[in-house]
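Chemist: One structure coming up, written as structure tokens, with questions to follow.
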Amino acid sequence: MEQNYQSLLDLCDALEAIADSLPHPDARLCLATADALEALVEDTHKLEEAVLFPILVASRRPELDRTMARLRREHLSDSDTVGEVSEALQSFVAGHSTLSPDAVGYLLRSFFGSMRRHVHGEIELLRLFLPDAEGKSIN
133 MEQNYQSLLD
143 LCDALEAIAD
153 SLPHPDARLC
163 LATADALEAL
173 VEDTHKLEEA
183 VLFPILVASR
193 RPELDRTMAR
203 LRREHLSDSD
213 TVGEVSEALQ
223 SFVAGHSTLS
233 PDAVGYLLRS
243 FFGSMRRHVH
253 GEIELLRLFL
263 PDAEGKSIN
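Residues 133 to 271 (this note's numbering) are what the sequence shown spells out, left to right.
The following block contains the structure:
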């Protein structure tokens with residue numbers, strides 16, 4: 133999972149660089165980011181649901197039911213939005229975007245801000261329930 137988290141954070145950095153460079157972003161960076169983003173988000177969600185969610189259920193702490201429900205909603209929202217982000221990048225580079233550069237920038241910033249919070253929050257949850265993971269790889 134650590135590799136997925138690092139890759140997601142790297143893609144967030146790429147999205148930030150793209151947003152900062154609008155209206156003239158690096159086309160190759162846009163396309164590479166768009167190509168990698170959807171599969172990585174989907175793979176990471178599957179890993180989180182296979183690793184983190186069972187840990188939360190096994191804790192038998194009822195207050196974590198709300199946490200799991202929130203994480204599931206975030207996964208659904210991320211899955212919807214990541215497609216919009218990829219499409220926005222591809223259409224912007226192709227010159228067919230219906231969005232202004234400002235709107236694309238807002239979409240990118242909203243997504244990478246949310247994704248960074250999500251990744252860091254799940255890392256903290258893993259460290260809370262797996263204290264020996266502190267300072268070590270979380271796989």
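Idealized CB from N, CA, C, for every residue including glycine.
(1) Just to confirm, is the Cβ distance from L140 to V251 under 7 angstroms?
(2) Tell me whether D145 is buried or exposed, calling it buried when 16 or more other Cβ atoms sit within 10 Å of its Cβ.
(3) Mind checking whether L169 and S218 have CB atoms under 7 angstroms apart?
(4) F224 and C162 look like a contact to me (Cβ under 8 angstroms); what is the Cβ gap, rounded to whole Å?
(5) When the Cα atoms are used, what is the spatial distance from L196 to V189?
(6) Identify every run of the alpha helix (DSSP H) within the region 186–263, keeping only runs that are complete inside it and at least 4 residues long; order them along the chain.
(7) Compute the Euclidean distance between the alpha carbons of E254 and L179, then round it to the nearest angstrom.
(8) Between which residues of its own chain and D175 is the CB-CB distance below 7 angstroms, once the five residues before and five after are set aside?
(9) Rounded to whole angstroms, what's the CA-CA distance from A220 to L240? Just pull it up for me.
(10) Start and end of the alpha helix (DSSP H) containing D158?
(11) Is H156 near H177, with beta carbons less than 7 angstroms apart?
(12) Restricting to Cα atoms, I'd like to know which of I187, L231 and A164 is closest to L257.
(13) Taking the C-alpha atoms as reference points, what is the distance between A166 and V214?
Modeler: Well, looking at it:
(1) In the sequence shown, residue 140 corresponds to position 8, counting from 1. In the sequence shown, residue 251 corresponds to position 119, counting from 1. Yes.
(2) Position 13 of the sequence shown, counting from 1, holds the residue named residue 145. The residue in question, D145, is exposed, as its Cβ has fewer than 16 Cβ neighbours within 10 Å.
(3) Indexing the sequence shown from 1 puts residue 169 at position 37. Indexing the sequence shown from 1 puts residue 218 at position 86. The answer is yes: Cβ separation under 7 angstroms.
(4) Translated into the one-based positions of the sequence shown, residue 224 becomes position 92. Translated into the one-based positions of the sequence shown, residue 162 becomes position 30. For F224 against C162, the beta-carbon gap comes to about 7 angstroms, under 8 angstroms, which counts as contact.
(5) To locate residue 196, count along the sequence shown from 1; it is residue 64. To locate residue 189, count along the sequence shown from 1; it is residue 57. Their Cα atoms are separated by approximately 8 angstroms.
(6) 196–226 and 233–261
(7) Taking the sequence shown and counting its residues from 1, one reaches residue 254 at position 122. Taking the sequence shown and counting its residues from 1, one reaches residue 179 at position 47. Taking the straight line joining both Cα atoms gives about 11 angstroms.
(8) Position 43 of the sequence shown, counted from the first residue, corresponds to residue 175. Excluding residues within five positions, the ones whose Cβ falls inside 7 angstroms are N136.
(9) Here residue 220 refers to the residue found at position 88 when the sequence shown is read from its first residue. Here residue 240 refers to the residue found at position 108 when the sequence shown is read from its first residue. Within the model, the alpha-carbon separation for A220 versus L240 is close to 9 angstroms.
(10) Mapped onto the sequence shown, residue 158 falls at position 26. Segment: none, D158 is in no alpha helix (DSSP H) and carries neither H nor E.
(11) Stepping through the sequence shown from its first residue, residue 156 is reached at position 24. Stepping through the sequence shown from its first residue, residue 177 is reached at position 45. Taking 7 angstroms as the Cβ cut-off, H156 and H177 do not qualify as a contacting pair.
(12) Counted from its first residue, the sequence shown places residue 257 at position 125. Measuring from the Cα of L257, the nearest candidate turns out to be I187.
(13) For this step, residue 166 is matched to residue 34 along the sequence shown. For this step, residue 214 is matched to residue 82 along the sequence shown. Answer to the nearest angstrom: the Cα atoms are 9 angstroms apart.
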